[in-house]
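In the numbering used here, the protein residues as written are 23 to 86.
To start, the structure under review is shown below, and the notes come after it.
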């Protein structure tokens with residue numbers, strides 16, 4: 023059986039009080055989104071990831 027994960031990265035993060043959505047804020051030198059993706063990749067059980075979010079911000083974040 024193949025397992026896919028959908029990662030919603032489209033929130034605005036208004037409760038955090040930052041103009042930058044929280045998935046794009048840096049934590050320990052890299053965006054929170056990158057930390058999330060790494061956890062799924064290291065799990066060893068996920069065959070594919072579907073990332074849903076604003077295209078340009080996601081591309082910029084993944085390039086870091």
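We put the beta carbon where it would ideally sit given N, CA and C, even for glycine.
Just so you know, these numbers come straight off a predicted model, no measurement behind them.
Segment limits, alpha helix (DSSP H) that includes residue i
i          : result
residue 86 : Run containing residue 86: none; DSSP gives neither H nor E here.
Residue from the options whose Cα sits closest to the Cα of residue i
i          : options           : result
residue 74 : 30, 54 and 38     : 30
residue 33 : 64, 54 and 24     : 54
residue 86 : 35, 39, 64 and 49 : 49
Per DSSP, the bridge partner or partners of residue i
i          : result
residue 72 : 28
Cβ neighbours of residue i in the same chain (closer than 8 Å, five flanking residues each side left out)
i          : result
residue 62 : 27, 29, 68 and 71
Quiz item: In chain order, which continuous runs of the beta strand (DSSP E) of length 3 or greater are located wholly inside the segment 23-62?
Solution: 26-30
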